Amino acid sequence: MKHRAILLLVLVVALLSGTARAGTVVLVADEELCDNAPPLEQAAHLKPSRNGNKVTLIVTAQLNCAYIPDNPELREWRNAATVSLPTRSPSGMATACLCAHRMEFEITDMNEGVQIIYYVQDGTVLGHTDAP
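Residue numbers (mature numbering (1 follows the signal peptide of the UniProt record, and there is no 0)): -22 to -1, 1 to 110.
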């Protein structure tokens, strides 16, 4: 009886882990535009594209001049996905200027039901776009 219960539990865990698929996001490029940046009409400009199970999201947004992007995180809930990007200052300082960055994110295995992608930087929603 005890062995059956353990076997059943292992089987359930294996089945659930196989069906629970979560996407991942990686920052693959970051280009500082600073003085060469076109003026932003909104807090961030998002441009998505899809190739198979890979979604590329190009984001143009401003960061403090002393800050750089940190590790992004992807959260999916029903028909929405959120790309969250914390930033950090390698020197520990902040400056009174802003610099536009063009960042390219690669999202793999995103849920097929996702219809909208939100971009959050340092806890603030800066923009959203329709999922490709």
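A virtual CB, placed ideally from N, CA and C, is assigned to each residue, including glycine.
Since the model is a prediction, treat every value here as computed from it, not as a measurement.
Of the candidates Asn31, Gln20, Leu41, the residue whose Cα lies closest to the Cα of Leu11 is Leu41. The DSSP-derived three-state label of Cys77 is strand. If you compare the alpha carbons of Arg80, Ala109, Ser67 with that of Asp8, the shortest gap goes to Arg80.
Going by C-alpha positions, Ser69 is about 36 Å away from Ala109.
Distance from the CA of Ala72 to the CA of Ala15, rounded to the nearest whole angstrom, comes to 21 Å.
Within the same chain, Gly91, Val92, Gln93, Ile94 come within 8 Å of Asn57 by CB-CB distance, once the 5 residues on both sides are set aside. Judged by DSSP in its simplified three-state form, Asn89 adopts coil rather than helix or strand.
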